[in-house]
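For reference, the structure is listed below as structure tokens.
There are 6 protein chains.
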Amino acid sequence: MNSLAIYAGTFDPITFGHLDLVGRAAKTFDRLILSVAASRGKGTLFTTEERVALVREVVSVFPNVEVDSFDGLLVDHVRERGARVIIRGLRAFSDFEFEFQMTLTNRRMAPDVETIFLMPKEEYSYISSSSVREIAAMGGNAGLFVPPSVASALEEKVRATEKP
Amino acid sequence: MNSLAIYAGTFDPITFGHLDLVGRAAKTFDRLILSVAASRGKGTLFTTEERVALVREVVSVFPNVEVDSFDGLLVDHVRERGARVIIRGLRAFSDFEFEFQMTLTNRRMAPDVETIFLMPKEEYSYISSSSVREIAAMGGNAGLFVPPSVASALEEKVRATEKP
Amino acid sequence: MNSLAIYAGTFDPITFGHLDLVGRAAKTFDRLILSVAASRGKGTLFTTEERVALVREVVSVFPNVEVDSFDGLLVDHVRERGARVIIRGLRAFSDFEFEFQMTLTNRRMAPDVETIFLMPKEEYSYISSSSVREIAAMGGNAGLFVPPSVASALEEKVRATEKP
Amino acid sequence: MNSLAIYAGTFDPITFGHLDLVGRAAKTFDRLILSVAASRGKGTLFTTEERVALVREVVSVFPNVEVDSFDGLLVDHVRERGARVIIRGLRAFSDFEFEFQMTLTNRRMAPDVETIFLMPKEEYSYISSSSVREIAAMGGNAGLFVPPSVASALEEKVRATEKP
Amino acid sequence: MNSLAIYAGTFDPITFGHLDLVGRAAKTFDRLILSVAASRGKGTLFTTEERVALVREVVSVFPNVEVDSFDGLLVDHVRERGARVIIRGLRAFSDFEFEFQMTLTNRRMAPDVETIFLMPKEEYSYISSSSVREIAAMGGNAGLFVPPSVASALEEKVRATEKP
Amino acid sequence: MNSLAIYAGTFDPITFGHLDLVGRAAKTFDRLILSVAASRGKGTLFTTEERVALVREVVSVFPNVEVDSFDGLLVDHVRERGARVIIRGLRAFSDFEFEFQMTLTNRRMAPDVETIFLMPKEEYSYISSSSVREIAAMGGNAGLFVPPSVASALEEKVRATEKP
């Protein structure tokens, strides 16, 4: 079996928590695709292109990880790429609730696609992209929670947003 | 990658919920081992041998699933069998809490072993071995929740236990 | 006792999960009123009138179910209609938390009104109006989660929204 | 419709929290049966007969409430009594999880029986029979959590248990 | 040790639940600062100045409680004021999740600052500022959940907002 | 204010998670008492005396921490020692539920005693005394979760228990 899994998300921006999961998935499956969900006017801080670029930069160390983006239903994207496995992270029980509903909804639409959950390292379990954005906006040190290149991009974005 | 995963549990007895997970894991990994945890005087209804026999009977339809038992720490068993992946089921958020603690404890003892979670079909999500045992003990129809051979074994065990 | 209960919600749109609850409540109480909460500029996809019309169409099979709408506090509406019982669905524990707070708040304002909770069929427990709206917007098959007339209305609404 | 509901439990012993629920159910349904589950060697503090007697004494103020006991599956008892509704209390989200599983299990065995949930007054939400037993055993004032007759019975039972 | 704690929040508006916590914290620490988080365009109902004024009025009975406001990261504010303890209220388990993530994030940024949790009186545990705002907007009696001066301010604000 | 807090528990045995909390409490209050709950035939692995001795050894580094034991209700012990504050750890949301009920029960019995919650370092959040006992019994390395002296005592106890 040549196994292929997809780890999808908004990654706005990608954090140490996401990267920890990438490492776990990359050693469990033969190939992994990181798929960035298009914004669809949801008001992400970074554009789809920017998020893809940041993700690409920080996962380049994993030889069996590829980066992609998608617009529309995740299950359609998974099928188009020929994958059968969706990877999700479970940081906490609030994740669980949401993931439970999403998994059952996806399974109803695509019974052949299996969703698999992984737990991040406990010291990354509390990091969320939204709190990282907020910390950066308030002048906090985002570098504690994201790789240096992402921290730089965040600072620049914050400066650009605050300009009059 | 020839992937090998281990799905361990007490299986006292194995239910439709467990079997649903076996099916999901068996199509995601090349090989799957179902490992029955030894009783260790914990007062299981069925002996380790009986549980292994019942499991073996109901999973015989899966060509890539093997049955084993173990006594001691799960992570030691996983390493002995040369596996790197532990499969767990997440039926509900109370599972999640317990699984979260167990996964992090196991990871501390065996950082190279990854734990992977799967969600059963929603109509099996509420079945637990303990409620099946209780229903059988009260004369209810256990066959709604377990395969026929397991239901027969349960009825026989209940009759044997109630004998004066 | 001629019992009258009220099942209120946004119903944007009504799903198989809501309908399952209507059936359970309709057989438990003599009369049931489905009350659609007015939008109040909250940005519902369907207008109050559209939601009432969709609800009315799909619950017409229940002889003892009536459809109404209300604007303002639910407890005021319940009193105006002469009811003493509010019906709520509990799909999952995240519902529970919110329902707990709302019930205690309503009870403080109207101690004579009792709130009663029902659980939907497990295969409907993960359906939410918001995920149905999202699936329809992305071109997915909403008909898996809502009755045909609602699915048609959703498709039409999505087409109307996307027009330039 | 002449509605009949059953509120079953161990009631070891009955607390202010249980009584609050009895009051809510008694005003929502025409008739209510309080059914005490037989001990079945589960090591209750009070015998089935003692628990029935205590329950009978404290619910005598409700004209439409009857007391019964049962041994076996609750759904069988509900059918024998000709009821269609099971009443359950939801004190907290840990209750919810357990209730969710029990309700779905009961529904599988008896699809015609509906389970209905009520929330106790918030100041009773934290009372559990087990903590009341523990407080009495340690010489605390159980009268804060149970009616006077139950508090007396608890004190007497504790004295009897501690005798050499 | 002359202990100083900070209880921060949006307080939009301050409720009986918040006040209960203020009382508990004020008797546990030598000095307590109530710090109102600046709005930062988050669309609070009351301006920062209005919220500070309402808080100041209702906590004036506590001799060791001071009112302040801050803009930016809480941990920076805590350090500026020379405090080492952050007070948080735990109303329910949904709070817990959020608080858990926020506490660990703050701890990563300021390891010397300790977060301490208190539970409000159970009859205030379900009150949230957002539901109070909604009740006031719908013409309900906010005075059940907030002090008289806050209720008056809410009514006035609602009238002002509804003016054409 | 010379503040005195009590951190009570079974400590069967004390873990790195408990010790992390001791450190946090010891720097927040002037004096801290660690109070070991007597066994009362609950089948602890270590006797009350053994647990007190192990706790005393590992907390001797904290100059303002004292060790005690108690038999009976915690609130009675707290009053006898002249304390007003109970310290509790919140490792996860399952703790929260239990703690919520215990805190409200204690508060009803002793309204003048305040319970305060602290969160352990995330890497200790999953350690429980029961899993440590189980790991030791199965020959695992308990030294990953408890101090060396406790690990030695565990090994010795396990050997003594297994003797024929």
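Residue numbers (our numbering), protein chains in the order written: chain A, 51 to 214; chain B, 51 to 214; chain C, 51 to 214; chain D, 51 to 214; chain E, 51 to 214; chain F, 51 to 214. Glycine included, each C-beta is placed from N, C-alpha and C at the ideal position.
Q: Check whether the Cβ atoms of I56 (chain D) and I166 (chain C) sit closer than 8 Å, and answer yes or no.
A: Taking the fourth sequence and counting its residues from 1, the one referred to as residue 56 (chain D) is at position 6. Taking the third sequence and counting its residues from 1, the one referred to as residue 166 (chain C) is at position 116. Pairing I56 (chain D) with I166 (chain C) gives a Cβ-Cβ distance that is not under 8 Å.
Q. Between the C-alpha atoms of S119 (chain D) and M159 (chain D), what's the straight-line distance to the nearest angstrom?
A. Within the fourth sequence, numbered from 1, the residue matching residue 119 (chain D) stands at position 69. Within the fourth sequence, numbered from 1, the residue matching residue 159 (chain D) stands at position 109. So the alpha carbons of these two residues sit roughly 20 Å apart.
Q: State the start and end residues of the unbroken beta strand (DSSP E) segment that holds G67 (chain A).
A: Against the first sequence, residue 67 (chain A) aligns to sequence position 17. Not the beta strand (DSSP E): G67 (chain A) falls in the alpha helix (DSSP H), residues F66 to T78.
Q: Quick one: give me the first and last residue of the alpha helix (DSSP H) that R106 (chain F) is part of.
A: Position 56 of the sixth sequence, counted from the first residue, corresponds to residue 106 (chain F). That run of the alpha helix (DSSP H) goes T98 to V108.
Q: With distances taken Cα to Cα, identify the nearest neighbour of L71 (chain E) among E:G139, E:I177 and E:T97.
A: As a working mapping, residue 71 (chain E) is identified with position 21 in the fifth sequence. Closest by alpha carbon: E:G139.
Q.
Quick check: is the beta carbon of S175 (chain D) nearer than 8 Å to any beta carbon in chain E?
A. Numbered from its first residue, the fourth sequence carries residue 175 (chain D) at position 125. At least one CB atom of chain E sits nearer than 8 Å to the CB of S175 (chain D).
(Q) Would I64 (chain A) and E116 (chain A) qualify as a contact pair, given that the criterion is a beta-carbon distance under 8 Å? (A) Working through the first sequence from its first residue, we reach residue 64 (chain A) at position 14. Working through the first sequence from its first residue, we reach residue 116 (chain A) at position 66. No. Outside cutoff.
Q: Identify which residue in F:A76, F:Q151, F:R157 and F:E99 has its Cα closest to the Cα of R141 (chain D).
A: In the fourth sequence, counting from the first residue as 1, residue 141 (chain D) sits at position 91. Out of F:A76, F:Q151, F:R157 and F:E99, the CA that lies nearest to the CA of R141 (chain D) is found in F:Q151.
(Q) The beta strand (DSSP E) that contains V117 (chain E), what's its start and end? (A) Taking the first residue of the fifth sequence as position 1, residue 117 (chain E) is located at position 67. Start and end: V115 to F120.
Q: Measure from the C-beta of T78 (chain F) to each C-beta in chain E and report whether the shortest distance is under 8 Å.
A: Taking the sixth sequence and counting its residues from 1, the one referred to as residue 78 (chain F) is at position 28. Residue contact check for T78 (chain F) against chain E: a CB pair falls below 8 Å.
Q. Count the other CB atoms within 10 Å of the CB of F79 (chain D); is the residue buried (16 or more) or exposed (fewer)?
A. As a working note, residue 79 (chain D) is residue 29 in the fourth sequence. The residue in question, F79 (chain D), is buried, as its Cβ has 16 or more Cβ neighbours within 10 Å.
Q: Would you check if there are 3 or more beta carbon pairs closer than 8 Å linking the region 193-207 of chain D to the region 170-189 of chain F?
A: Touching, no, given that fewer than three Cβ pairs across the two stretches are closer than 8 Å.
Q) For a contact meaning CB atoms closer than 7 Å, what does T155 (chain A) contact in chain C? A) Reading the first sequence from its first residue, position 105 is the one you call residue 155 (chain A). At a C-beta separation below 7 Å, T155 (chain A) has these neighbours in chain C: Y176 and S181.
Q: Answer yes or no: does any C-beta atom of chain B fall closer than 8 Å to that of E206 (chain C)?
A: Taking the third sequence and counting its residues from 1, the one referred to as residue 206 (chain C) is at position 156. So no, E206 (chain C) is outside the interface.
Q. Under a three-way DSSP split, which group does Y174 (chain F) fall into?
A. As a position in the sixth sequence, residue 174 (chain F) is number 124, starting the count at 1. Here Y174 (chain F) carries a helix assignment [DSSP, helix/strand/coil].
Q) Given that a residue counts as buried once 16 or more other Cβ atoms are within 10 Å of its Cβ, and exposed if not, what is R90 (chain D)? A) Position 40 of the fourth sequence, counted from the first residue, corresponds to residue 90 (chain D). Counting the other CB atoms within 10 Å of its CB gives R90 (chain D) a total below 16, which places it among the exposed residues.
Q: Tell me whether V163 (chain C) sits in a helix, a strand or coil according to DSSP, three-state version.
A: Indexing the third sequence from 1 puts residue 163 (chain C) at position 113. Note: V163 (chain C) maps to coil in three-state DSSP.
Q. For a contact meaning CB atoms closer than 7 Å, what does R74 (chain A) contact in chain B?
A. On the first sequence, position 24 is the one that residue 74 (chain A) refers to. Neighbours of R74 (chain A) in chain B, taken as residues whose beta carbon is under 7 Å from its own, are E164 in chain order.
(Q) Output needed for P197 (chain F): all residues of its chain with C-beta closer than 6 Å, excluding positions within five of it in sequence on either side, in chain order. (A) One-based indexing of the sixth sequence puts residue 197 (chain F) at position 147. Hits under 6 Å: V108.
**Q.** Same chain, Cβ closer than 8 Å to R106 (chain D), five either side skipped, listed in chain order
**A.** Here residue 106 (chain D) is taken as the residue at index 56 of the fourth sequence, counted from 1. Taken in chain order, the residues that qualify are V117.
Q: Would you tell me roughly how many angstroms separate the C-alpha atoms of S181 (chain A) and R209 (chain B), rounded to the nearest one?
A: As a position in the first sequence, residue 181 (chain A) is number 131, starting the count at 1. As a position in the second sequence, residue 209 (chain B) is number 159, starting the count at 1. Cα to Cα, the separation comes out at about 58 Å.
(Q) Could you compute how far the alpha carbon of I136 (chain E) sits from the alpha carbon of M188 (chain A)? (A) Residue 136 (chain E) sits at position 86 when you count from the first residue of the fifth sequence. Residue 188 (chain A) sits at position 138 when you count from the first residue of the first sequence. The alpha-carbon atoms of I136 (chain E) and M188 (chain A) are separated by roughly 19 Å.
Q) List, in order along the chain, the chain D residues whose C-beta lies closer than 8 Å to that of E172 (chain E)? A) Taking the fifth sequence and counting its residues from 1, one reaches residue 172 (chain E) at position 122. Within chain D, E172, E173, S175 and Y176 have C-beta atoms less than 8 Å from the C-beta of E172 (chain E), given in sequence order.
(Q) T155 (chain C) and M169 (chain D) - do their beta-carbons sit closer together than 8 Å? (A) Translated into positions along the fourth sequence, residue 169 (chain D) becomes position 119. Translated into positions along the third sequence, residue 155 (chain C) becomes position 105. Between M169 (chain D) and T155 (chain C), the C-beta spacing is not below 8 Å.
Q. What does a CB cutoff of less than 8 Å around E164 (chain E) pick up in its chain, not counting 5 residues either side in sequence?
A. Numbered from its first residue, the fifth sequence carries residue 164 (chain E) at position 114. Annotation for E164 (chain E): R134, V135 and I136 place their beta carbon closer than 8 Å to its own, counting only its chain and skipping 5 residues before and after.
Q | R101 (chain D) and V111 (chain D) closer than 8 Å at C-beta | A | As a first step, residue 101 (chain D) must be located in the fourth sequence, where it is residue number 51. As a first step, residue 111 (chain D) must be located in the fourth sequence, where it is residue number 61. With contacts defined by Cβ atoms closer than 8 Å, R101 (chain D) and V111 (chain D) do not form a contacting pair.
Q | Whole-angstrom distance between A103 (chain F) and D162 (chain E), CA atom to CA atom | A | As a working mapping, residue 162 (chain E) is identified with position 112 in the fifth sequence. As a working mapping, residue 103 (chain F) is identified with position 53 in the sixth sequence. Taking the CA atoms as reference points, D162 (chain E) sits about 30 Å from A103 (chain F).
Q: Tell me, please, which residues DSSP counts as bridged to L168 (chain E).
A: By one-based count along the fifth sequence, residue 168 (chain E) stands at place 118. Under DSSP, L168 (chain E) takes part in a beta bridge, and its partners are E:G139.
Q: Look at the Cβ atom of D62 (chain A), then the Cβ atom of A88 (chain A), and state whether they are nearer than 8 Å.
A: In the first sequence, the residue the question calls residue 62 (chain A) occupies position 12. In the first sequence, the residue the question calls residue 88 (chain A) occupies position 38. Remark: C-beta atoms of D62 (chain A) and A88 (chain A) do not approach each other more closely than 8 Å.
Q. Of the choices A:F148, A:V125, A:F195 and A:S53, whose alpha-carbon is the least far from that of I185 (chain C)?
A. Taking the third sequence and counting its residues from 1, the one referred to as residue 185 (chain C) is at position 135. Nearest to I185 (chain C) by alpha-carbon distance, out of A:F148, A:V125, A:F195 and A:S53, is A:V125.
(Q) In the DSSP output, which residue or residues are listed as bridge partners for S85 (chain F)? (A) As a first step, residue 85 (chain F) is located in the sixth sequence; it is residue number 35 there, counting from the start. The partner list for S85 (chain F) (beta bridge, DSSP) reads F:A58 and F:D118.
Q. Who are the Cβ neighbours of F66 (chain D) in its own chain at under 8 Å, not counting the five residues just before and after it?
A. Here residue 66 (chain D) refers to the residue found at position 16 of the fourth sequence. Closer than 8 Å at the Cβ level, and outside the excluded window around F66 (chain D), lie Y174, I177, F195, V196 and P197.
Q: Compare the C-beta of L194 (chain B) against all C-beta atoms of chain H and say whether one is closer than 8 Å.
A: Protein chains in the displayed structure are A, B, C, D, E and F, and chain H is not among them.
Q. Any C-beta of chain D sitting closer than 8 Å to the C-beta of F191 (chain B)?
A. Along the second sequence, read from residue 1 onward, the residue named residue 191 (chain B) stands at position 141. The residue asked about is misnamed: residue 191 (chain B) is Asn in this sequence, not Phe. Yes, because at least one Cβ of chain D sits closer than 8 Å to the Cβ of N191 (chain B).
**Q.** Inter-residue CB distance, G132 (chain A) and L123 (chain E) (contact presumed, cutoff 8 Å)
**A.** The sequence position of residue 132 (chain A) within the first sequence is 82, counting from 1. The sequence position of residue 123 (chain E) within the fifth sequence is 73, counting from 1. About 45 Å separates the two Cβ atoms, so there is no contact after all.
Q.
Quick check on F112 (chain D): does DSSP put it in helix, strand or coil?
A. Taking the fourth sequence and counting its residues from 1, the one referred to as residue 112 (chain D) is at position 62. Annotated three-state conformation of F112 (chain D) is coil, per DSSP.
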